[in-house]
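**Q** Protein chains in written order, with numbering that gives the first Met the number 0: chain Z, 0 to 224; chain D, 0 to 224.
Number of protein chains: 2
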Amino acid sequence: MKVLGAKTGDRLKVGVINGHLGHGTVVSVERKSPFRVELALKLVSAQVVEPPIDLLLALPRPIMLKRIFSQVTTLGIGTFYLIHARRVEKSFWNSSLLQEEQYRFQLVQGLEQAVATRLPRVQFHQRFKPFVEDILPGIRANYSHLLLAHPGGRNTLVQTVKTGPGRILLAVGPEGGWVEYERQKLKEQGFQTISMGERILKVDTAVIALHSQISLVLQMRGDRG
Amino acid sequence: MKVLGAKTGDRLKVGVINGHLGHGTVVSVERKSPFRVELALKLVSAQVVEPPIDLLLALPRPIMLKRIFSQVTTLGIGTFYLIHARRVEKSFWNSSLLQEEQYRFQLVQGLEQAVATRLPRVQFHQRFKPFVEDILPGIRANYSHLLLAHPGGRNTLVQTVKTGPGRILLAVGPEGGWVEYERQKLKEQGFQTISMGERILKVDTAVIALHSQISLVLQMRGDRG
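Now the structure itself:
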């Protein structure tokens with residue numbers, strides 16, 4: 000009512016979370032509190048495909064996490080794994096953004112922007128070692144590649160992601176990077192280091208840049224296959 | 000002094016704008032206003048290579064432009080061409096961010112993040128048609144490809160950017176996109192439409208995503224060549 004100025008008879012784009020996309024025709028509008036809009040739905044698209052990339056991210060500063068939740072949801076992501084790392088400030092774990100009713104708003108905004116309906120899953124793991132040793136072994140078989148982005152890594156993305164099909168798990172560290180111990184533990188679980196070039200990116204820029212590049216490589220892999 | 004806590008004898012990373020990168024050793028610190036730090040410079044890297052991508056961008060909302068200036072400078076850009084388009088709000092042209100002393104701060108922040116020194120050029124063109132008809136013909140020979148990102152475009156980036164070498168000019172429209180007339184005028188000047196996939200991105204996300212993908216394609220082109 001406020002943003003679209005919708006009135007009776009208007010036809011609006013509608014998506015059901017984790018469901019179909021389609022249109023809704025406004026049947027009635029109640030402008031007094033409690034506001035209420037009745038729509039006659041016509042849902043058409045049947046596909047709710049899971050995006051082929053998951054993100055393993057050292058918990059960033061809340062203001063940055065907020066932007067990452069919506070921007071990366073727009074780009075398309077299966078699961079956000081948010082984990083602790085040495086260079087993550089402990090206070091970040093107290094942010095109200097870690098509550099579902101808070102971050103869900105960012106995710107839904109990201110879906111609305113993308114015109115998509117599949118809500119990403121979000122998992123928080125406040126201890127690095129138990130996540131890497133107990134959780135990762137159980138999920139790594141889901142992926143064709145586990146990628147660890149690192150400035151100055153030796154292999155490029157194109158050299159690394161050659162075979163398919165399969166999902167990708169991308170790990171991005173905190174500002175200042177993973178410490179050597181963390182990189183070692185991730186490599187033991189099968190992560191391959193990929194180069195990000197020489198320029199040092201902020202975490203939010205790096206996540207979008209890497210997601211876009213991986214999407215392009217997956218698209219080329221699909222074209223070839 | 001405030002961020003790094005630098006004191007006499009410390010060795011700091013230093014870059015001269017549009018010049019060399021290296022280190023500076025703190026010789027003296029004056030902690031009372033006017034603050035003053037004297038450095039003994041040792042500048043080593045000689046290369047100040049211009050990044051191979053320029054951006055033609057419909058002037059975005061100031062808060063978004065601010066972020067784009069610093070993030071895209073971090074990724075590496077030669078020139079920002081900021082132009083008018085039908086769906087650009089006229090008020091955006093009154094933003095104080097269009098003054099050099101304002102936007103230069105964002106550019107320098109972007110360089111500091113990237114550990115790079117080459118300052119992008121910035122040009123503002125408040126009229127679409129004169130820019131396209133009078134300015135573009137004079138610069139288009141600098142580029143191997145003029146790319147127009149458009150949701151639902153037919154050709155992918157990889158199909159389009161095949162031959163090299165040469166610089167890339169990437170055009171990104173306003174929220175809501177270029178109008179048909181603008182797309183037509185840009186195509187007449189040699190722009191090729193490239194697909195961005197089905198998801199609709201915000202301008203700041205789209206610029207980073209496309210820049211990253213173009214960089215990857217240029218890198219592959221270099222590997223082949």
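Idealized CB from N, CA, C, for every residue including glycine. Here the structure is a predicted model, which is why all the values come from computation and not from measurement.
1) Relative to the C-alpha of L217 of chain Z, which candidate in Z:T162, Z:H149, Z:Q191 and Z:G175 has its C-alpha closest?
2) Since G23 of chain D sits in a beta bridge, which residues does DSSP pair it with?
3) Counting only C-beta atoms, is L156 of chain D closer than 8 Å to chain Z at any point?
4) Measure from the C-beta of L74 of chain Z to each C-beta in chain D and report whether the shortest distance is under 8 Å.
5) Going by the DSSP bridge assignment, what does V71 of chain Z pair with across the sheet?
6) Given a cut-off of 8 Å, decide if A113 of chain Z and I207 of chain D are closer than it, judged by their beta-carbon atoms.
7) Show which residues of chain D have a CB atom less than 8 Å away from the CB atom of I207 of chain Z.
8) To test your reading of the DSSP string, which unbroken beta strand (DSSP E) runs of 3 or more residues are found completely within the segment 47-123 of chain Z?
9) Counting along the chain, where does the alpha helix (DSSP H) carrying V157 of chain D start and finish?
10) Bridge partners for Y142 of chain D per DSSP, in chain order?
11) Which residue from D:K1, D:L96, D:L55 and D:R103 puts its Cα closest to that of A148 of chain D?
12) Kindly indicate which three-state DSSP category E132 of chain Z falls into: helix, strand or coil?
13) Would S211 of chain Z and S211 of chain D be called neighbours here (beta carbons separated by less than 8 Å)?
14) Looking at the secondary structure, which residues open and close the beta strand (DSSP E) in which Q125 of chain Z lies?
15) Taking just the CA atoms, how far does V48 of chain D sit from L169 of chain D?
16) For a test of the three-state rule: what should DSSP assign to I16 of chain D, helix, strand or coil?
17) I'd like the list of long-range same chain contacts for V13 of chain Z, defined as Cβ closer than 7 Å, with 5 residues on each side in sequence excluded.
18) Can you check whether the C-beta of I167 of chain Z is within less than 8 Å of a C-beta belonging to chain D?
19) When the Cβ atoms of the segment 139-148 of chain Z are set against those of the segment 91-111 of chain Z, are three or more pairs found closer than 8 Å?
20) Since T192 of chain Z sits in a beta bridge, which residues does DSSP pair it with?
21) Counting only Cβ pairs nearer than 8 Å, list the residues of chain D close to R153 of chain Z.
22) Just to confirm before moving on: does the CB-CB distance between Q122 of chain Z and L81 of chain Z stay below 8 Å?
**A** The short version:
1) Z:T162
2) D:L11 and D:L40
3) yes
4) yes
5) Paired residues: none, contrary to the question.
6) no
7) T204, I207, A208 and S211
8) 52-57 and 78-82
9) L156 to T159
10) D:R166
11) D:L55
12) helix
13) yes
14) Segment: none, Q125 of chain Z is in no beta strand (DSSP E) and carries neither H nor E.
15) 19 Å
16) coil
17) G21, H22, G23, L38 and L40
18) no
19) no
20) Z:L147
21) Within 8 Å Cβ-Cβ: nothing; R153 of chain Z doesn't reach chain D, min ~14 Å.
22) yes
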